[in-house]
Each structure stands twice: as structure tokens, then as C-alpha cells.
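Enquirer: Quick one: this structure, given as C-alpha cells, is what I'll be asking you about.
There are 2 protein chains.
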Amino acid sequence: MNTKYPETLENLIDSFGKLPGVGRKTAERYALYVFMHMKDEDITDFSNALLSLHTDIHICESCGNISEGNICKICSDSSRNHRQVLVVESIKDLITLEKVNEYKGIYHVLNGSISFSKGISIDDLNIDSLMEKVKGGEVDEIILATNATLEGETTAKYLKELLKSYDVKVTRIAHGLPVGGDISYLDELTLLKAFEGRREY
Amino acid sequence: MNTKYPETLENLIDSFGKLPGVGRKTAERYALYVFMHMKDEDITDFSNALLSLHTDIHICESCGNISEGNICKICSDSSRNHRQVLVVESIKDLITLEKVNEYKGIYHVLNGSISFSKGISIDDLNIDSLMEKVKGGEVDEIILATNATLEGETTAKYLKELLKSYDVKVTRIAHGLPVGGDISYLDELTLLKAFEGRREY
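Going line by line, the protein sequences match chains G and X.
When the letters of the first sequence are read in order and numbered with numbering that gives the first Met the number 0, they come out as residues 0 to 200.
When the letters of the second sequence are read in order and numbered with numbering that gives the first Met the number 0, they come out as residues 0 to 200.
Okay, structure coming up:
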């Protein structure tokens, strides 16, 4: 009986199977596709991109964004308003918002949202460096741009609670964001409206 | 404006984007997941599995199956009946059929099926080594186990036409295979019935 693929291919299937939402069938499809149809050059590039991931890029110590150095391009940009901080759940949301090319403050990436079902509390989120900036009086406005989901709204409420004893204006991105929606799937115009229509929170 | 990810991550997104059915959004999700959540060790394994793919495994010269040597385990197995050849569209189908653990002949992988819409003709399929075996009088029965799709049925008809001038019995896997169905998604019992119920073609 030969019900398995050769070991090398099984290893690759296992690796693809670790990706989010990828089951055995999809992992097999990906691995066989790479083996049958991808050029050697493309496979080498793929392999190298994986290897250089953790050596070439890092998490910005200041905001949690993805970065080539210790501090990301946005946090290093002195032309931006460092007293205005837009808080997002993920790097993907940051990139999506940045595409609007309208916002000139800085960001803060929570790297998640509070979820009782998944057991993720406020302590599991990246908030220390944000709170330090607030405590140090470095911030005028915090714009909460967490998703319009249960988790995103809960996170926004917790953050508002945490921030209320400090002298900082807290706003919530609002208009145009459909309830249950995911920021990274929004079009730029809707995002722009959501940004302009932000209100005191 | 910082609408792109760092180059290393963009490279990885590009690589994931080359996989079948993976668009930009999914590729981003995979790449960010690898960066944020995968352990260094798992990334190294992933990278190595990709690199060793084309050095460690090959296509069997005899049947088109995936193989660690020039000839696959099934074709090298003298306890199997080499005069009975089961023809499948893909390696995935071969692996699925082999799981039934009932068939004791050998296989032949076409690596595709005839598709007028995609411009794939019989000449694009892996049939040379099969025809050589038939011409050499090495085969008693050819079981056509292409999918029950338009492409699979067309391919079966073309093969039957090609084989009719030779002294070889041509059968078609049949009962239990739902019309429009894909062999690699079938359960083992249905496959067993389909195999037992094969008829002259």
C-alpha cells in the first residue's frame, strides 16, 4: 500500500496545513501544484522569502507595525503627527487604512482583539507602549479603529475605560463601517468616510 | 505613504499568490500568519521542504506517479499485476484510489485531461509510455478511471479510440461515481463499488 506521498512532499503538505484555514485537501493541492507546476526559480524564491522573514523584518517597538528596523517607517517619520494615534487590531488593518493616504498621525497595532470565546483578554494585547505614551503626556487623541465586530467593539470599550483617567481625547472611527464588517476588506472611500465621521467615544 | 509591506514580506505574498486559487488577500493572510505566528523551526522546515522538492522527488518514468527514484514504488513492486493498468488524471487520484487497498495492478497518470476550453489536447497528456507498453503487448487490461466530468469523459473516449486497434481490454470505472464528481473527494466505499462495477468500454 502506498497511501502516502513521499516524505518530502508530506513535509510540505504539513507546512501548508499549518496556514490558517488550510486543511489536508487544500495543503495537498498546494504542495502538488508547487511540485508539478512551479519553476525551480520560483520555488527558490519562495523558500528564501520564508527564511529571511524573521531575519529581515521585525515588529516596531513603538507601535507594533511590521518593520525593517526596530522602529517602523511611520513611527520614524517626523512629518507625521505623533500626538494622534490610530489604534487598529492588526497590521493588515494598518496597511489598509494607510492606503487611503489621508491620515497623517501614527498608528498602534493591538495584534488582536478581546475575545471571551477565545480567552483573549486585554492583557494579551499589545498596549504597554501605547499606555506609556499616554501616561507620558505624548498623545492628544486616540482614534479607536478596531473592527465593528463584537470583539472589536468590546476592545474599544475596554480601551476607552483604560484611557478615561488620562488627559487624552478618545474617538471611535464610525460612519460607513458596516456592522460585522472587517476593516481590511473595505473600499477606500468607505474608509475615508468612516475616518471623517469619527465621533467622541 | 506606506501602502506596501516590507520587501521580504511582499516577496512571500507574491510566492503564496502563485498557488492555485490564492488571491492577494489570501496570500497576505498566509504571509502575515507565517510572520506573526509560526515558530522559527516550522518556518525553516517549510523552507527546506520547498527546496528539497525537486531534488528529492521525481516523476516516475514508467507511469507518471510521484516517486523518490526514477521508477515509483508501485511500478517497482513485482508482486503487483503489471498487465493491468489503471489510468487516472492526476497523482492525487492515484493516491486516493490506492487508499482503497484493493487494486493490485499498476497505474498510469495522464497529468491532466482533454479540455477544449483550456486548449489541452491528447498530445498534452502523458500517454507515450502507456502506448509503448500497449504496443509491446505488455498490457491485458486498461481501466479508465478519469473523472466523471466532461473533460474526464472526453479523455476516456479519446483513449478508447486510440487503444481500439490493439489487443487490449479497455474498461471504464463506473458504478458509484457521481456525474460531475471528482475522484479525489470520494469516500473509499464508493470508490470500491466504482471499481468492482467497471464495465467493457
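Each residue gets a CB set at the ideal place from its N, CA and C atoms; glycine is no exception.
Terminal residues of the continuous alpha helix (DSSP H) containing residue 140(G)?
Expert: Sequence index remark: in the first sequence, residue 140(G) carries index 141 (1-based). From DSSP, residue 140(G) is part of no alpha helix (DSSP H) but of the beta strand (DSSP E) over 140-143.
Enquirer: Excluding sequence positions up to five away, which residues of its chain have a Cβ less than 8 Å from the Cβ of residue 67(G)?
Expert: Translated into the one-based positions of the first sequence, residue 67(G) becomes position 68. If we look at residue 67(G) and ignore the five residues flanking it on each side, its Cβ neighbours are 55, 56, 57.
Enquirer: Pull up the distance between the alpha-carbon of residue 127(X) and that of residue 141(X), whole angstroms please.
Expert: One-based indexing of the second sequence puts residue 127(X) at position 128. One-based indexing of the second sequence puts residue 141(X) at position 142. C-alpha separation (whole angstroms): 14 Å.
Enquirer: Spatial neighbours of residue 100(G) within its chain, please: CB distance less than 8 Å, with the 5 preceding and 5 following residues excluded, ordered by chain position.
Expert: Here residue 100(G) refers to the residue found at position 101 when the first sequence is read from its first residue. Taken in chain order, the list of residues that qualify is empty.
Enquirer: Would you decide whether residue 78(X) is buried or exposed? Buried here means 16 or more other CB atoms lie within 10 Å of its CB.
Expert: Residue numbering aside, residue 78(X) sits at position 79 when the second sequence is read from its first letter. Residue 78(X) is exposed by the Cβ-count criterion.
Enquirer: Only counting runs of 3 or more residues, tell me where the beta strand (DSSP E) segments fall wholly within the region 108-158 of chain X, in order along the chain.
Expert: 140-143
Enquirer: Quick one: list the residues of chain G neighbouring residue 51(X), beta-carbon separation under 7 Å, in chain order.
Expert: Start at 1 with the first residue of the second sequence, and residue 51(X) comes out as number 52. Under the 7 Å cutoff, chain G gives 7.
Enquirer: Which runs of the beta strand (DSSP E), 3 residues or longer, sit entirely within the region 52-95 of chain X?
Expert: Here the runs fully enclosed are 80-87.
Enquirer: What does the alpha-carbon distance come out to for the pair residue 0(G) and residue 120(G)?
Expert: For the purposes of this step, residue 0(G) is taken as the residue at position 1 of the first sequence. For the purposes of this step, residue 120(G) is taken as the residue at position 121 of the first sequence. With a pLDDT of only 36 at residue 0(G), under the threshold of 50, the placement of this residue in the model should not be trusted; the figure read from the coordinates follows. Those two C-alpha atoms are separated by around 49 Å.
Enquirer: Please confirm if residue 46(X) has its CB atom under 7 Å from at least one CB of chain G.
Expert: Sequence index remark: in the second sequence, residue 46(X) carries index 47 (1-based). Residue 46(X) counts as touching chain G.
Enquirer: Between the region 119-137 of chain G and chain X, which residues of the former have a C-beta closer than 7 Å to a C-beta of the latter?
Expert: Answer set for the region 119-137 of chain G: empty.
Enquirer: Who are the near neighbours of residue 89(X) in its chain, counting only those whose CB is closer than 6 Å to its CB and skipping five residues on each side?
Expert: Numbered from 1 along the second sequence, position 90 holds the residue referred to as residue 89(X). Nothing meets the Cβ criterion.
Enquirer: Run through the DSSP bridge pairs and tell me what residue 106(G) is partnered with.
Expert: Translated into the one-based positions of the first sequence, residue 106(G) becomes position 107. Note: residue 106(G) sits in a beta bridge opposite 85(G).
Enquirer: Tell me which residue opens and which closes the alpha helix (DSSP H) that residue 16(X) is part of.
Expert: Along the second sequence, one-based indexing puts residue 16(X) at 17. 6-16 is the span of the alpha helix (DSSP H), which, as asked, contains residue 16(X).
Enquirer: Can you give me the C-alpha to C-alpha distance between residue 168(G) and residue 115(G), rounded to a whole angstrom?
Expert: Taking the first residue of the first sequence as 1, we reach residue 168(G) at position 169. Taking the first residue of the first sequence as 1, we reach residue 115(G) at position 116. C-alpha separation (whole angstroms): 27 Å.
Enquirer: Does residue 1(G) come within less than 7 Å of chain X when only Cβ atoms are used?
Expert: As a first step, residue 1(G) must be located in the first sequence, where it is residue number 2. Model confidence at residue 1(G) stands at a pLDDT of 44, short of 50, so the residue's coordinates are unreliable and nothing is read from them.
Enquirer: Identify the contact partners of residue 33(G) in chain X, using a Cβ-Cβ distance below 9 Å as the criterion.
Expert: Walking along the first sequence from the start, residue 33(G) turns up at place 34. Per Cβ cutoff of 9 Å: 17, 18, 49, 52.
Enquirer: Within 10 angstroms of the Cβ of residue 184(G), are there 16 or more other Cβ atoms? Answer buried if so, exposed if not.
Expert: For the purposes of this step, residue 184(G) is identified with residue 185 of the first sequence, where counting begins at 1. Exposed, since its Cβ has fewer than 16 Cβ neighbours within 10 Å.
Enquirer: State yes or no: is the C-beta of residue 63(X) within less than 7 Å of the C-beta of residue 80(X)?
Expert: For the purposes of this step, residue 63(X) is taken as residue 64 along the second sequence, with counting starting at 1. For the purposes of this step, residue 80(X) is taken as residue 81 along the second sequence, with counting starting at 1. No, the Cβ-Cβ distance between residue 63(X) and residue 80(X) is not below 7 Å.
Enquirer: Under 7 Å, CB to CB, which of the residues in the region 83-95 of chain G have a partner in chain B?
Expert: The structure shown contains no chain B; the protein chains it does contain are G and X.
Enquirer: Quick check on the burial criterion: 16 or more other C-beta atoms within 10 angstroms. Buried or exposed for residue 5(G)?
Expert: Against the first sequence, residue 5(G) aligns to sequence position 6. Burial of residue 5(G) is indicated by the presence of at least 16 other C-beta atoms within 10 angstroms of its C-beta.
Enquirer: At what residues does the alpha helix (DSSP H) containing residue 35(G) begin and finish?
Expert: Against the first sequence, residue 35(G) aligns to sequence position 36. Looking at the DSSP string, the run of the alpha helix (DSSP H) that includes residue 35(G) is 23-36.
Enquirer: Could you tell me the alpha carbon to alpha carbon distance between residue 138(X) and residue 32(G), rounded to whole angstroms?
Expert: Translated into the one-based positions of the second sequence, residue 138(X) becomes position 139. Translated into the one-based positions of the first sequence, residue 32(G) becomes position 33. Roughly 31 Å separates the two Cα atoms.
Enquirer: Evaluate residue 10(X) with the Cβ neighbour count: other Cβ atoms within 10 Å of its Cβ, from every protein chain shown; 16 or more gives buried, anything less gives exposed.
Expert: Within the second sequence, the letter at position 11 stands for residue 10(X). By the neighbour-count criterion, in which 16 or more other beta carbons inside 10 Å mark a residue as buried, residue 10(X) falls on the buried side.
Enquirer: Note down, in chain order, every chain X residue with its Cβ under 8 Å from the Cβ of residue 11(G).
Expert: Position 12 of the first sequence, counting from 1, holds the residue named residue 11(G). Those within 8 Å of residue 11(G) in chain X are 45, 48, 49, 52.
Enquirer: Taking 6 Å as the limit between beta carbons, can you name the residues of its chain near residue 124(X), skipping five residues before and five after?
Expert: By one-based count along the second sequence, residue 124(X) stands at place 125. Same-chain partners within the cutoff: 109, 111.
Enquirer: Taking C-beta pairs closer than 7 Å, name the residues in chain X that residue 27(G) reaches, listed in chain order.
Expert: Here residue 27(G) refers to the residue found at position 28 when the first sequence is read from its first residue. Here the neighbours are 91.
Enquirer: Short of 7 Å in beta carbon distance, which residues of its chain neighbour residue 234(G), apart from the five on each side in sequence? Order them along the chain.
Expert: Any answer about residue 234(G) is impossible in this case: the structure gives chain G only from 0 up to 200.
Enquirer: Measure the alpha-carbon distance for residue 145(G) versus residue 172(X) and round it to whole angstroms.
Expert: Start at 1 with the first residue of the first sequence, and residue 145(G) comes out as number 146. Start at 1 with the first residue of the second sequence, and residue 172(X) comes out as number 173. Each residue's alpha carbon lies about 55 Å from the other.
Enquirer: I want to verify the contact list: residues of chain G whose CB lies under 9 Å from the CB of residue 4(X), in sequence order.
Expert: By 1-based counting over the second sequence, the position of residue 4(X) is 5. Within 9 Å Cβ-Cβ: 56, 65, 90, 94.
Enquirer: Pick helix, strand or coil for residue 184(G), following the three-state DSSP scheme.
Expert: In the first sequence, the residue the question calls residue 184(G) occupies position 185. In this structure, residue 184(G) counts as helix in the three-state DSSP scheme.
Enquirer: Below 9 Å on C-beta distance, what does residue 78(G) contact in chain X?
Expert: Stepping through the first sequence from its first residue, residue 78(G) is reached at position 79. Within 9 Å Cβ-Cβ: nothing; residue 78(G) doesn't reach chain X, min ~12 Å.
Enquirer: When the Cα atoms are used, what is the spatial distance from residue 143(G) to residue 191(X)?
Expert: Stepping through the first sequence from its first residue, residue 143(G) is reached at position 144. Stepping through the second sequence from its first residue, residue 191(X) is reached at position 192. Distance between the alpha carbons of residue 143(G) and residue 191(X): 58 Å.
Enquirer: Expressed to the nearest angstrom, what Euclidean distance is found between the alpha-carbon atoms of residue 3(G) and residue 27(G)?
Expert: To locate residue 3(G), count along the first sequence from 1; it is residue 4. To locate residue 27(G), count along the first sequence from 1; it is residue 28. Taking the straight line from one Cα to the other gives about 11 Å.
Enquirer: Express the C-alpha separation of residue 107(X) and residue 85(X) in angstroms, rounding to a whole number.
Expert: One-based indexing of the second sequence puts residue 85(X) at position 86. One-based indexing of the second sequence puts residue 107(X) at position 108. Cα to Cα, residue 85(X) sits roughly 6 Å from residue 107(X).
Enquirer: Nearest-angstrom Cα distance between residue 47(X) and residue 96(X)?
Expert: What you label residue 47(X) is simply residue 48 of the second sequence in a count that begins at 1. What you label residue 96(X) is simply residue 97 of the second sequence in a count that begins at 1. Their Cα atoms are separated by approximately 29 Å.
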